[in-house]
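Asker: Residue numbers (the numbering used here): 4 to 226.
Glycine included, each C-beta is placed from N, C-alpha and C at the ideal position.
Attaching a single structure in structure tokens format; questions to follow.
Structure, rendered in structure tokens:
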């Protein structure tokens, strides 16, 4: 089952929950893990807008699992401690909209072009890899739970005044033609503090970044 296959079922669930939030707790931080995130987050935004309570600083698409996978695969490839690897992942949360910015990884790593392309493809298709490993009987569960806890914990720490909290997340912003885009975001007392824009056009193939941005945009529009 692809993320698009989930749309008809999950979109209505998200809509109902966000409708309730808009009526009862309009100032809540809303963190959406429900796939397809590229579509469910814009749906949530539209519901909040209809109620006149949309705050782009308080709506997040949780893409943390992409970062966890990116860090893990890079650490495995280079023999590094995964706890010390941090690679930003930008774009969206579906297939080719997922773009690990390997050139901005800490510690710095390098791969031949063919290996980098293979690594990027594996990160983009890791969800499918899990489904196939489970013979179609399920998808990522424990790893998604860990990703959700990690993001929620980071957000709560930032809301409690901790400085320097950064997580990649799918948020509303001005990036090309995309209304929503995943990027490293500094979190604070009121949610989004700033988009760190850690990538440069020359960091990774420009056509890949532009293509992924366009794909992320159309994922939100076509539904």
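Could you pull out every unbroken beta strand (DSSP E) segment of at least 3 residues lying fully inside the region 79-106, listed in chain order?
Answerer: Taking only runs of at least 3 residues, the beta strand (DSSP E) segments lying wholly in the region 79-106 are 92-94 and 101-103.
Asker: Measuring alpha carbon to alpha carbon, tell me which residue in 76, 66 and 161 is nearest residue 147.
Answerer: Looking at the Cα atoms, 66 is the closest of the given residues.
Asker: Closest to residue 26 by CA distance: which of 51, 168 and 81 is it?
Answerer: Among 51, 168 and 81, the Cα nearest to that of residue 26 is on 51.
Asker: Quick check: what's the CA-CA separation for residue 129 versus residue 135?
Answerer: C-alpha separation (whole angstroms): 10 Å.
Asker: Contact check, residue 174 vs residue 63 under 8 Å by CB: the rounded distance?
Answerer: About 6 Å separates the two Cβ atoms, so the contact holds.
Asker: Could you check the C-alpha separation between residue 75 and residue 10 for me, to the nearest Å?
Answerer: The alpha-carbon atoms of residue 75 and residue 10 are separated by roughly 28 Å.
Asker: Can you check whether the CB of residue 110 is closer than 7 Å to the CB of residue 90?
Answerer: Their beta carbons are not under 7 Å apart, which means residue 90 does not touch residue 110 by this criterion.
Asker: State the beta-bridge partners of residue 108 as determined by DSSP.
Answerer: DSSP lists no partner for residue 108.
Asker: Use the C-beta contact count for residue 131: other C-beta atoms within 10 angstroms, 16 or more gives buried, fewer gives exposed.
Answerer: The residue in question, residue 131, is exposed, as its Cβ has fewer than 16 Cβ neighbours within 10 Å.
Asker: Pull up the DSSP beta-bridge partners for residue 144, would you.
Answerer: Paired residue(s): none; residue 144 is not in a bridge.
Asker: How about residue 168 and residue 60: are their beta carbons less than 7 Å apart?
Answerer: Going by C-beta atoms, residue 168 is not nearer than 7 Å to residue 60.
Asker: Can you have a look at residue 49 and say buried or exposed, based on whether 16 or more other CB atoms are within 10 angstroms of its CB?
Answerer: Counting Cβ neighbours within 10 Å, residue 49 comes out exposed, since fewer than 16 surround it.
Asker: Can you find at least 3 beta carbon pairs, one from the region 185-195 and one from the region 155-163, that sit closer than 8 Å?
Answerer: Yes, the region 185-195 is in contact with the region 155-163.
Asker: Could you say which of 23, 17 and 96 lies nearest to residue 126 if we only look at CA atoms?
Answerer: The candidate whose alpha carbon is nearest that of residue 126 is 96.
Asker: Does the Cβ of residue 55 have 16 or more other Cβ atoms within 10 Å, making it buried, or fewer, making it exposed?
Answerer: So residue 55 counts as exposed.
Asker: Applying the criterion that 16 or more other CB atoms from any shown protein chain within 10 Å of the CB defines a buried residue, is residue 13 buried or exposed?
Answerer: Looking at its Cβ environment, which holds 16 or more other Cβ atoms inside 10 Å, residue 13 is buried.
Asker: Just to check, is the beta-carbon of residue 121 closer than 6 Å to a non-hydrogen atom of the ligand ADP?
Answerer: The ligand ADP is not among the ligands present in this structure, which contains no ligands whatsoever.
Asker: For the pair the region 136-155 and the region 40-49, tell me if three or more CB-CB distances fall below 8 Å.
Answerer: No, the region 136-155 is not in contact with the region 40-49.
Asker: For a test of the three-state rule: what should DSSP assign to residue 187, helix, strand or coil?
Answerer: Correct three-state label for residue 187: strand.
Asker: Over what stretch of residues does the beta strand (DSSP E) that includes residue 196 continue unbroken?
Answerer: Where residue 196 is concerned, the enclosing beta strand (DSSP E) stretches over 194-198.
Asker: Have a look at the DSSP bridge pairing and note the partners of residue 175.
Answerer: Per DSSP, 183.
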